[in-house]
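Trainee: A single structure is presented below for examination.
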Amino acid sequence: MSTVASDGPDTDRRRPTGPSAIELDGVTKRYATTTAVDDVSLSVADGEFFTLVGPSGCGKTTTLRLVGGFEAPTEGAIRLGGADAAGVPPEDRDVGVVFQNYALFPHMTVGENVAYGLKFADAPGGVSDEERVAELLELVDLAGAEDRDPAALSGGQRQRIAMARALAPGPDVLLLDEPMSALDAKLRERLRVQIREIQQELSITTLYVTHDQEEALAVSDRVAVMRDGRVEQIGRPREIYDRPATRFVAAFVGDNNVFDGPVTDVESTADGWLVTVEVGDGTAVTVALDSLPGDGSEGPGDDSDVRVGDRLTFCVRPEHLAVDGGTNALSATVASAEFLGETTRVHLDWGGRELLARTTTGLDGDVTLGFDPTDAHVVGVD
Amino acid sequence: MSGSRTGNGSSPSSSRPAADGGSRQQPRARTDGGSQQRSRSRTDGGPATPAGTVADGERRSRSLRNRVERRALAVLGATAVALLVGMFYYPVATVFVEAVVVDGAATLSVFVEILRDPFYFGELARLFAGESPLSVAGDLLSPDRRLGIVGFTAYQAALSTVASVALGLPAAYVLARYEFPGRQTLRSLTILPFVLPSIMVAVGFVAAFGRNGPINAALGLVGLGPIEWLFSLKAIVLAHAFYNAPLVARLTTAAWESVDASAVETARSLGAGPRRAFLDVVAPQLYPAVLMSAALTFVFTFGTFPIVLALGDFSLATVEVFVYRLIQDLDYAEAAGLAVVELVISLSILYAYLRYEARQSAAARGARPLPRKPLRPPSLSIRDLLPRLGIAVYAAIAVVVFLVPIASMLQASVTDAGGVTLDHYRFLVERQAGGAAFQVQPWPAIRNSLLFGAAALAVALPMGVIVAVLTTRSYRGRKLVDAVAMAPLSVSGIVVGLGLLRGLVFGTEIGSVEIAITGAVAIVAAHAVAGYPFVVRTVAPGLERLDPQLLESARALGASRVRALLDVELPLVWPGVVAGAAFAFAISIGEFSATVILATGADQFTMPIAIERFIGRRLGPATAMGVVLLVVTSVSFVVIDRLGGEHRGL
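As you go down the protein sequences, you meet chains H and B in turn. Using the numbering used here, the first residue of the first sequence is number 1060, and each one after it goes up by one. Using the numbering used here, the first residue of the second sequence is number 362, and each one after it goes up by one.
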């Protein structure tokens, strides 16, 4: 499955303003036995909040380290602000970095930590170093913490000090490497809002790395989903969620039900095509394919290429599976249910396979679930 | 942390042009500002963007800087290696060569003679001479077997190991499982023997167990004694236990404290009783530590020298003592041969142990250590009283072995036949104007000790730090570098001293250049070689613990590699460096084996040598000088304990 570019007309409103703040061009990083990053190309616009998300070992952190200059790419080019960064050491890249464990200097106070980068660059805005430190601490809601010992701070506070330290010299790019993975869930949700606010306020180009797809969707302008060192899909959060480009993205981002089976009928309609697919046990469902010209986001290959006999892979979000909903019907048995508060996530047994549904009322016993052909999203045709 | 950050009065965003209104429309404006803001780091270079339009000048200077920084370590490493070769490997190699080259021809005859000589190998020598193993084994079991010098050395080492483990394990039990005031201090004190000069310990034992010592005085009070333990195997084994039991206690305590309490609780919940849970869960985690300390104790006591020299007599000579005698008799070839035999035995044991250790996975620190019981019995039940009674008995023995020798030395240094006196100390600082040149002069010995200590420190400290850096980086061959750099730990001072004497003090020719160093320089070299591994051992853990992301953060904030080294690495490993320095200094101050060979005249004597000369003749000055050594090494100990408490087992 090929990478789907995100060059749609409305995917990147800021693109035309100048060279990309960060640009990766065919970047590959190989170690002795493994390829951590495999031919990754992407570009991050100025002021954009761009997130790399994927399971552990997918190469997202290595990609961030390549941008930071802590590793050198085996192949390909990295450009920062349009200029080739090859051979430029980290200290000359104008990047601010927040690591997963924050890496606060344990032998310095909070104030000394935040002021450290100001030894090598004037404080932005012509203020004194002390004023700059105070400014940054206020920005992260820790005003007056200058003399405290980093070891005496809570995890969330340390994370914010690390942010302040990274931002103090006024970097061009902020690199955040799983900055919240060591924190508890509630705090993570609060801090991610705060990080987003700070990023918006400073309009600073931000490359964010996380394994948490929900976090990625919540804070980002655009998201790149990575797997095994490769980029599976780049797009705005809603795009990634509504129109995953690959089976992997469909399953990784949010809950999903993935189906596949042979095409038994293709019928042309006013809006595109209605394709009938046999998804197992003699159950046939219809899936709508829109055929808007030039929209490559509906999966690889031109939709009109779908023929009887092709194998179609598509997915339906749990929230689109409803009792007696739509024109398609699947007979299933409720296996278990998780009450999540607002909704209930229902696990169903459908001829030995698991289906996920999301309801507000809960389900029980044998049910017939349906979905609308337009709620099915095709991720692959063989 | 609410979203109330809309006012831009004091926020960092105030540098943004006010006109931009919506923050997302003109992001370039801010970035341009950002580039200017960092002008300081840039004005000396070129344009503000990182590269592409970067002037060649900046690129060249940057790559030059990177190259220099990268090379710096290589150059320093090469220097350290060269020093190590000159001060250690070359001299030790000359010992090997001396042992196999007789009259210019290579031969193994020296070894063969040693191996077949019952004087060295006892009944085993007949085995090497080709006799049937059965008859040899039979004779070995008979009561009048001959052990030979090597056999006796192994025998006393085995006895010392048993005594050390027997004395060390109860201490580990108390330290790991009981809570009482002074526990931490006591735990820290287990490192003390590493810095206590063995000759000082010998003085303490002479003072304690002598005919007029406090032990015999106490025994006399209850109508027992007197005991004549001095100059017998008992005193030697006891002194070795003084030295090595704390090592056993230290390593075992550490292992015990890393046992996870929940593992024991799991075993208990599965049906194991307390004793069974101990045997099944705790004990297996202690074996490696006990075995390690036993192996180290055996190697240390196999190579024992000053203690046997001072506390034994001729019939109790160990290999090291005999090597020393051979050197004094100028029989260098046989001395070298015997030294090599000893080295091979020691290294084999050490190698066997290291192979074993490599198979043990590093014990992860238990998430929750076992809880400590109060030392004061919580009730008067048998269950609570019995173990504490045992501890009390152990404590009494420990006082006799560990405390009495030190206390006796202190007491003997301030008393003579007429009562309390400072005469012995006065004797140390008086200039003995009338003394003959061969006589031991205490003041020069003190001065030499301090001088050699400072010089050895000046060599050992930078060397140790460089080697620590080299051994904590990852590259192919790192293990080899580690082994090469740490070898001096396992080679006795006698061998190093002999090598330096024969190889460098007597002079060597490289090409047509005659190279010879003075005895003083050789002593400093020997001390530096003995001390620097301890610098490595104290600095390396700090470097290893150092989070690489601290460095990366500093780099990302604008610090160059060298700058990051000064600002981040050094301050964080500094305690280890200071502790290593204290170690190296203490080792030098107490070094005996190499010094006694290399000190070519009384003007090169150090405190330990002077003490050895005083023992038996003038106990008063010996103890006074022992106290001086105790003070110097105790200060070192305090420094090590305060700053480098986390150094590795050795």
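Ideal Cβ placement from N, Cα and C applies to all residues, glycine included.
1. Just to check my reading of the structure: residue 896 of chain B and residue 826 of chain B have Cβ atoms closer than 8 Å, yes? What is that Cβ distance to the nearest angstrom?
2. At 7 Å on the CB atoms, spell out the chain B contacts of residue 1238 of chain H, in chain order.
3. If you compare alpha carbons, which of B:786, B:933, B:611 and B:599 is closest to residue 668 of chain B?
4. Name, going along the chain, the residues of the segment 907–936 of chain B whose beta-carbon falls closer than 9 Å to a beta-carbon of chain H.
5. Between which two residues does the beta strand (DSSP E) carrying residue 678 of chain B extend?
6. As a quick exercise: from B:948, B:990 and B:912, pick the residue whose alpha carbon is nearest that of residue 1148 of chain H.
7. What number of angstroms, rounded off, separates the C-alpha of residue 1413 of chain H from the C-alpha of residue 1248 of chain H?
8. Using DSSP with H/G/I as helix, E/B as strand and the rest coil, what is residue 1267 of chain H?
9. Apart from the five residues just before and just after residue 1173 of chain H, which ones in its own chain have a Cβ nearer than 6 Å to its Cβ?
10. With a 10 Å radius around its C-beta and 16 neighbouring C-beta atoms as the bar for buried, classify residue 766 of chain B as buried or exposed.
11. Go ahead and pull the three-state DSSP assignment for residue 723 of chain B.
12. Per DSSP, residue 742 of chain B is paired with what?
13. Can you look up residue 492 of chain B in the DSSP assignment and give me helix, strand or coil?
14. Fully enclosed by the segment 1194–1261 of chain H, which beta strand (DSSP E) runs are 3 residues long or longer?
15. Residue 507 of chain B and residue 490 of chain B - do their beta-carbons sit closer together than 7 Å?
16. Go ahead and pull the three-state DSSP assignment for residue 763 of chain B.
17. Just curious, the alpha helix (DSSP H) that residue 601 of chain B is in, first and last residue?
18. Beta strand (DSSP E) containing residue 1436 of chain H: first to last residue?
19. Where do the N-terminal and C-terminal ends of the beta strand (DSSP E) with residue 1429 of chain H fall, by residue?
20. Can you give the beta carbon distance from residue 1155 of chain H to residue 1233 of chain H, rounded, assuming they're within the 8 Å contact cut?
21. Run through DSSP, which three-state label would residue 866 of chain B get?
22. Can you pull the DSSP bridge partners for residue 1332 of chain H?
23. Indicate whether at least one CB of chain H lies closer than 7 Å to the CB of residue 1002 of chain B.
24. Looking at C-beta atoms only, is the number of pairs between the segment 533–548 of chain B and the segment 730–737 of chain B that lie closer than 8 Å three or more?
25. DSSP on residue 653 of chain B, reduced to helix/strand/coil?
26. Between residue 655 of chain B and residue 522 of chain B, is the Cβ-Cβ spacing less than 7 Å?
27. Taking one C-beta from the segment 1255–1274 of chain H and one from the segment 1179–1192 of chain H each time, how about it: are there three or more such pairs within less than 8 Å?
28. Would DSSP call residue 507 of chain B helix, strand or coil?
29. Check this for me: beta carbons of residue 1387 of chain H and residue 1344 of chain H, under 7 Å apart or not?
30. With DSSP as the reference, label residue 440 of chain B as helix, strand or coil.
31. Give the interface partners of residue 1166 of chain H over in chain B, defined as CB-CB distance under 9 Å, in chain order.
32. Between the alpha carbons of residue 886 of chain B and residue 973 of chain B, how many angstroms are there, rounded?
33. Indicate the three-state DSSP secondary structure (helix, strand or coil) for residue 1497 of chain H in the structure shown.
34. Along the chain, where does the alpha helix (DSSP H) that runs through residue 1379 of chain H open and close?
35. Pairing CB atoms from the segment 628–646 of chain B with CB atoms from the segment 740–752 of chain B, are three or more of them under 8 Å?
36. Under 7 Å, do residue 482 of chain B and residue 511 of chain B count as touching if we go by C-beta distance?
Mentor: Let's see:
1. 7 Å
2. Result: empty, since nearest Cβ-Cβ is about 12 Å, beyond 7 Å.
3. Closest in C-alpha terms to residue 668 of chain B, from the list B:786, B:933, B:611 and B:599, comes B:599.
4. 908, 909, 910, 911, 912, 913, 914, 915, 916, 917, 918, 919, 920, 921, 922, 924, 925, 928, 929, 932, 933 and 935
5. That residue, residue 678 of chain B, is in no beta strand (DSSP E); it is neither H nor E in DSSP.
6. B:912
7. 30 Å
8. strand
9. 1192, 1195, 1223, 1224 and 1227
10. buried
11. Note that residue 723 of chain B has pLDDT 47, beneath the 50 cutoff, so the model's placement of it is unreliable and no number is given.
12. Answer is none; residue 742 of chain B lacks a bridge partner.
13. Residue 492 of chain B carries a coil assignment under DSSP once its states are collapsed to helix, strand and coil.
14. 1232–1236
15. no
16. helix
17. Annotation: the continuous alpha helix (DSSP H) that includes residue 601 of chain B extends over 594–618.
18. 1436–1440
19. 1425–1429
20. So it is a contact: roughly 5 Å between Cβ atoms.
21. helix
22. H:1327 and H:1348
23. no
24. yes
25. helix
26. Their beta carbons are under 7 Å apart, which means residue 655 of chain B touches residue 522 of chain B by this criterion.
27. no
28. coil
29. The answer is yes: Cβ separation under 7 Å.
30. Correct three-state label for residue 440 of chain B: helix.
31. Correct list: 929, 932, 933 and 935.
32. Looking at the two C-alpha atoms, the distance is approximately 22 Å.
33. With chain H covering only 1060 through 1441, there is no way to say anything about residue 1497 of chain H.
34. From DSSP, residue 1379 of chain H is part of no alpha helix (DSSP H); its letter is neither H nor E.
35. The answer is no - the segment 740–752 of chain B does not touch the segment 628–646 of chain B, with fewer than three Cβ pairs under 8 Å.
36. yes
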